[in-house]
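Asker:
Number of protein chains: 2
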Amino acid sequence: MTNLFNNISEKNIDKLLHILKANTIHYSKNVDILSNNDMDDFFAIIESGSLQLVYNDYEGNKTILEEFQEGNVFGSLISQIHSNEITCITKEKTKITYIEFNQITNNEIIRTDSYILFIKNLIKILSEQVTAKNNRIELLTKKTTRDKILEYLKLESQKKGSKTFTLPITFTELANYLSVDRSAMTREIKYLKNEGFIETHGRKISILY
Amino acid sequence: MTNLFNNISEKNIDKLLHILKANTIHYSKNVDILSNNDMDDFFAIIESGSLQLVYNDYEGNKTILEEFQEGNVFGSLISQIHSNEITCITKEKTKITYIEFNQITNNEIIRTDSYILFIKNLIKILSEQVTAKNNRIELLTKKTTRDKILEYLKLESQKKGSKTFTLPITFTELANYLSVDRSAMTREIKYLKNEGFIETHGRKISILY
DNA sequence: TTTTATATGTTGCAAATGCAACATTTTACA
DNA sequence: TGTAAAATGTTGCATTTGCAACATATAAAA
Numbered sequence: 106m107t108n109l110f111n112n113i114s115e116k117n118i119d120k121l122l123h124i125l126k127a128n129t130i131h132y133s134k135n136v137d138i139l140s141n142n143d144m145d146d147f148f149a150i151i152e153s154g155s156l157q158l159v160y161n162d163y164e165g166n167k168t169i170l171e172e173f174q175e176g177n178v179f180g181s182l183i184s185q186i187h188s189n190e191i192t193c194i195t196k197e198k199t200k201i202t203y204i205e206f207n208q209i210t211n212n213e214i215i216r217t218d219s220y221i222l223f224i225k226n227l228i229k230i231l232s233e234q235v236t237a238k239n240n241r242i243e244l245l246t247k248k249t250t251r252d253k254i255l256e257y258l259k260l261e262s263q264k265k266g267s268k269t270f271t272l273p274i275t276f277t278e279l280a281n282y283l284s285v286d287r288s289a290m291t292r293e294i295k296y297l298k299n300e301g302f303i304e305t306h307g308r309k310i311s312i313l314y
Numbered sequence: 106m107t108n109l110f111n112n113i114s115e116k117n118i119d120k121l122l123h124i125l126k127a128n129t130i131h132y133s134k135n136v137d138i139l140s141n142n143d144m145d146d147f148f149a150i151i152e153s154g155s156l157q158l159v160y161n162d163y164e165g166n167k168t169i170l171e172e173f174q175e176g177n178v179f180g181s182l183i184s185q186i187h188s189n190e191i192t193c194i195t196k197e198k199t200k201i202t203y204i205e206f207n208q209i210t211n212n213e214i215i216r217t218d219s220y221i222l223f224i225k226n227l228i229k230i231l232s233e234q235v236t237a238k239n240n241r242i243e244l245l246t247k248k249t250t251r252d253k254i255l256e257y258l259k260l261e262s263q264k265k266g267s268k269t270f271t272l273p274i275t276f277t278e279l280a281n282y283l284s285v286d287r288s289a290m291t292r293e294i295k296y297l298k299n300e301g302f303i304e305t306h307g308r309k310i311s312i313l314y
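Quick note, the sequences are listed as chains S and D, same order.
Per the numbering used here, the first sequence starts with residue 106, numbered consecutively.
Per the numbering used here, the second sequence starts with residue 106, numbered consecutively.
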């Protein structure tokens, strides 16, 4: 996965951040980072730690819309963060660097050597995010839980290049990702095992067909 | 929605396209535009006409992954078009301009006046695509058909700024978008009408609560 | 203006699934 | 290391849903 500063030296990263008027903020755990945010359009790079973008229902239900880890980029242009139904909570101590969108094309930055790499990285990151969403949509549009599971396993198996691999997330998180009831998913996985389609040992899974 | 050439004059658009070594191709109806595509990573702008990105199942089923209209941008970085299970078919006579990804930062282009606008537009377009995917994911993760419909109507009503508005797509297309059975969706809409939540006259819908 | 294709509306029924309410195992952390 | 928290596994049951098989209305094309 592309990082915003791929192929750019430490020294040039510092220079870029300076010219971009980047602003780095340290947060403790369980802080809503958007509650005091009055920036114009911006991108945010998660330097360390992690975040959850949460949708707060009118009934008080919480849905996790997205999770961001170290190296991820999010921003006002990408995520619908202007709604008051949405909070963005740090899951641990987290360090975030903010860059205002308009700075991305300021007079000085476009004359900087590493600017081209920076812009290419940014475009790649955004493209990867579209692709990641497309993958999830492909799974979510499957009609049955069985099809969702099998398609997910197929994609994961292709990614890992093997019919045996370890889930990168917990089954609970997978159920959320596929938007199915966790216990119903467990039941379906049991059927898949009984019918000889897959084998599991913990999160290690083998596709048998 | 942002267009790749927003705020750029006709003259400067031509200049940009020239420096970007852009390549415009005219297609007739029902052509698979990817079958003879040997480009590196690229972006494609639909100048006129429309496209369907189709996933072809091993069983011969076809799923429409995405539809692109005039003004839309897609590309190898965004859509998983390298799979042989995927075709990209023109729905009518269609004119497409291709730009290779690496040209986006060629030596000449970054010294061009309108380059900054171009890059900003590209970043905005990609961001809008992420947002559009997020919106669809938000709908697809709802557990019931009723919740999907109500959430869709809420979003559409907000977008139009009124509790009465006209669906921008057919009910058949809506069922696909929400990934529910069309007849089951019609049934659920009937219930919503009977229970007094909404009123419909053709595709004109009023939210009554 | 026919004819054809597409969209819409309806309903019975079987299958899939969410939900609830558990037990058990594993992991995190104080 | 002990304890609390999170993840996993199981099952009955009511609800939701897809599917099939229609009829009818509307839009597109010949």
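Ideal placement from N, C-alpha and C gives every residue a C-beta, glycine not left out.
Per the contact definition of three or more C-beta pairs closer than 8 Å, is the region 109–126 of chain S in contact with the region 218–237 of chain S?
Answerer: yes
Asker: With 16 as the cutoff for other CB atoms within 10 Å, does glutamate 90 of chain D come out buried or exposed?
Answerer: What the structure shows of chain D is the stretch from 106 to 314, and residue 90 of chain D is not part of that stretch, so it cannot be assessed.
Asker: Measure the CB-CB distance between methionine 290 of chain S and isoleucine 254 of chain S and report whether it falls below 8 Å.
Answerer: In the first sequence, residue 290 of chain S corresponds to position 185, counting from 1. In the first sequence, residue 254 of chain S corresponds to position 149, counting from 1. Cβ atoms of methionine 290 of chain S and isoleucine 254 of chain S: closer than 8 Å.
Asker: What does DSSP give as the partner residue(s) for valine 159 of chain D in the beta ladder?
Answerer: The residue you call residue 159 of chain D lines up with position 54 of the second sequence. Answer by DSSP bridge pairing, in chain order: D:Ile169, D:Thr192.
Asker: What are the residues of the region 194–205 of chain D that lie near chain S, defined by any Cβ-Cβ distance shorter than 8 Å?
Answerer: none
Asker: In or out: serine 153 of chain S buried (at least 16 other Cβ within 10 Å) or exposed?
Answerer: As a position in the first sequence, residue 153 of chain S is number 48, starting the count at 1. By the neighbour-count definition (other C-beta atoms within 10 Å, threshold 16), serine 153 of chain S is an exposed residue.
Asker: Which term fits glutamate 304 of chain S, buried or exposed, when burial requires 16 or more other beta carbons within 10 angstroms of its beta carbon?
Answerer: As a working mapping, residue 304 of chain S is identified with position 199 in the first sequence. It is exposed - the Cβ of glutamate 304 of chain S has fewer than 16 other Cβ atoms within 10 Å.
Asker: Which residues in chain S have a C-beta closer than 7 Å to the C-beta of asparagine 108 of chain D? List them in chain order.
Answerer: The count along the second sequence starts at 1 and reaches residue 108 of chain D at position 3. Near asparagine 108 of chain D there are no residues of chain S at all, since even the closest Cβ is about 16 Å away, more than 7 Å.
Asker: Closest Cβ-Cβ distance between glutamate 172 of chain S and chain D: below 8 Å?
Answerer: Locating residue 172 of chain S in the first sequence gives position 67, where the first residue counts as 1. Output row for glutamate 172 of chain S: interface = no.
Asker: Count Cβ pairs between the region 142–153 of chain S and the region 165–184 of chain S that sit closer than 8 Å; are there 3 or more?
Answerer: yes
Asker: With glutamate 190 of chain D and threonine 250 of chain D assumed to form a contact (beta carbons below 8 Å), what rounded beta-carbon distance in angstroms separates them?
Answerer: By one-based count along the second sequence, residue 190 of chain D stands at place 85. By one-based count along the second sequence, residue 250 of chain D stands at place 145. Contact flag wrong, Cβ pair sits at about 28 Å.
Asker: Show which residues of chain D have a CB atom less than 8 Å away from the CB atom of serine 232 of chain S.
Answerer: Start at 1 with the first residue of the first sequence, and residue 232 of chain S comes out as number 127. What serine 232 of chain S touches in chain D: Gly180, Leu182, Ile183, Leu231.
Asker: Check the Cβ of asparagine 142 of chain S against every Cβ in chain D and list those closer than 9 Å, keeping chain order.
Answerer: Along the first sequence, one-based indexing puts residue 142 of chain S at 37. Going along chain D, no residue has its Cβ under 9 Å from asparagine 142 of chain S, so there is no contact; the nearest lies around 17 Å.
Asker: Measuring only the C-alpha atoms, how far is aspartate 146 of chain S from glutamate 205 of chain S?
Answerer: Residue numbering aside, residue 146 of chain S sits at position 41 when the first sequence is read from its first letter. Residue numbering aside, residue 205 of chain S sits at position 100 when the first sequence is read from its first letter. Distance between the alpha carbons of aspartate 146 of chain S and glutamate 205 of chain S is about 6 Å.
Asker: Would you kindly check if the distance between the Cβ of threonine 107 of chain S and the Cβ of isoleucine 230 of chain S is under 8 Å?
Answerer: Within the first sequence, numbered from 1, the residue matching residue 230 of chain S stands at position 125. Within the first sequence, numbered from 1, the residue matching residue 107 of chain S stands at position 2. Yes, Cβ-Cβ distance for isoleucine 230 of chain S and threonine 107 of chain S is below 8 Å.
Asker: Taking only beta-carbon atoms, is asparagine 239 of chain D less than 8 Å away from chain S?
Answerer: Position 134 of the second sequence, counted from the first residue, corresponds to residue 239 of chain D. Judged by the 8 Å Cβ criterion, asparagine 239 of chain D is in contact with chain S.
Asker: Measuring only between beta-carbons, confirm whether glutamate 213 of chain S sits less than 8 Å from chain D.
Answerer: Counted from its first residue, the first sequence places residue 213 of chain S at position 108. By this cut-off, glutamate 213 of chain S is not an interface position.
Asker: In the DSSP assignment, find the unbroken beta strand (DSSP E) run with serine 153 of chain S in it and report its ends.
Answerer: Here residue 153 of chain S refers to the residue found at position 48 when the first sequence is read from its first residue. Looking at the DSSP string, the run of the beta strand (DSSP E) that includes serine 153 of chain S is 147–153.
Asker: Got a sec? Which residues, its chain only, sit under 6 Å from threonine 129 of chain S by beta carbon, not counting five neighbours each side?
Answerer: The sequence position of residue 129 of chain S within the first sequence is 24, counting from 1. Taken in chain order, the residues that qualify are Thr202.
Asker: Which whole-angstrom value describes the C-beta separation of glutamate 172 of chain D and glutamine 157 of chain D, a residue pair presumed to lie in contact below a C-beta threshold of 8 Å?
Answerer: On the second sequence, residue 172 of chain D is found 67 positions in, with the first residue counted as 1. On the second sequence, residue 157 of chain D is found 52 positions in, with the first residue counted as 1. Correct: roughly 6 Å between the Cβ atoms.
Asker: Residues of chain D with a CB under 9 Å from the CB of isoleucine 113 of chain S: which are they?
Answerer: In the first sequence, residue 113 of chain S corresponds to position 8, counting from 1. Those do not exist, as isoleucine 113 of chain S stays about 14 Å from chain D at its closest Cβ, beyond 9 Å.
Asker: Where does isoleucine 228 of chain S land, buried or exposed, given buried means 16+ other C-beta within 10 angstroms?
Answerer: On the first sequence, residue 228 of chain S is found 123 positions in, with the first residue counted as 1. Buried.
Asker: Taking CB distances under 8 Å as the criterion, tell me whether leucine 47 of chain D reaches chain S.
Answerer: A query on residue 47 of chain D cannot be resolved here, the shown segment of chain D reaching from 106 to 314 and no further.
Asker: 8 Å is my cut-off, CB to CB: does lysine 225 of chain D come that close to chain S?
Answerer: As a working note, residue 225 of chain D is residue 120 in the second sequence. Output row for lysine 225 of chain D: interface = yes.
Asker: Tell me, please, whether the CB atom of threonine 236 of chain D is closer than 8 Å to any CB atom in chain S?
Answerer: On the second sequence, residue 236 of chain D is found 131 positions in, with the first residue counted as 1. So yes, threonine 236 of chain D belongs to the interface.
Asker: Please look up how many angstroms separate the CB atoms of isoleucine 183 of chain S and glutamine 234 of chain S, rounded, as I've assumed it's under 8 Å.
Answerer: The sequence position of residue 183 of chain S within the first sequence is 78, counting from 1. The sequence position of residue 234 of chain S within the first sequence is 129, counting from 1. A Cβ-Cβ separation of about 7 Å places isoleucine 183 of chain S in contact with glutamine 234 of chain S under the 8 Å criterion.
Asker: Between isoleucine 303 of chain D and chain S, is the shortest Cβ-Cβ distance under 8 Å, so that the two count as touching?
Answerer: Within the second sequence, the letter at position 198 stands for residue 303 of chain D. False, the Cβ-Cβ gap to chain S never drops below 8 Å.
Asker: Is there a Cβ from chain D that is less than 8 Å from the Cβ of threonine 246 of chain S?
Answerer: Position 141 of the first sequence, counting from 1, holds the residue named residue 246 of chain S. With 8 Å as the cut-off, threonine 246 of chain S counts as an interface residue toward chain D.
Asker: How many Å lie between leucine 125 of chain S and threonine 277 of chain D at the Cα?
Answerer: Residue mapping note: residue 125 of chain S aligns to position 20 of the first sequence, counting from 1. Residue mapping note: residue 277 of chain D aligns to position 172 of the second sequence, counting from 1. Going from the Cα of leucine 125 of chain S to the Cα of threonine 277 of chain D covers about 47 Å.
Asker: Is it buried or exposed for threonine 269 of chain D, if we count other Cβ within 10 angstroms and need 16 for buried?
Answerer: By 1-based counting over the second sequence, the position of residue 269 of chain D is 164. By the neighbour-count rule (16 or more Cβ atoms within 10 Å), threonine 269 of chain D is not buried but exposed.
Asker: Output needed for alanine 280 of chain D: all residues of its chain with C-beta closer than 6 Å, excluding positions within five of it in sequence on either side, in chain order.
Answerer: Working through the second sequence from its first residue, we reach residue 280 of chain D at position 175. The answer, listed in chain order, is Arg287, Met290.
Asker: By DSSP's criteria, phenylalanine 179 of chain D is part of a beta bridge. Which residues make up the other side?
Answerer: Counted from its first residue, the second sequence places residue 179 of chain D at position 74. Bridge partners of phenylalanine 179 of chain D: D:Ala149.
Asker: Leaving aside the five residues before and after valine 136 of chain S along the sequence, list all residues of the same chain whose C-beta is less than 6 Å from its C-beta, in chain order.
Answerer: Position 31 of the first sequence, counting from 1, holds the residue named residue 136 of chain S. The answer, listed in chain order, is Thr195.
Asker: Report the neighbours of glutamate 243 of chain D on chain S: residues whose CB is nearer than 9 Å to its CB, in chain order.
Answerer: Looking up residue 243 of chain D in the second sequence gives position 138. Under the 9 Å cutoff, chain S gives Tyr160, Thr168, Leu170, Gln185.
Asker: So with CB distances below 8 Å, who are the chain S contacts of threonine 210 of chain D?
Answerer: By 1-based counting over the second sequence, the position of residue 210 of chain D is 105. In chain order: Ile221, Ile224, Lys225.
Asker: Could you run through the region 283–298 of chain S and flag, in chain order, every residue whose CB is less than 7 Å away from some CB of chain D?
Answerer: Ser284
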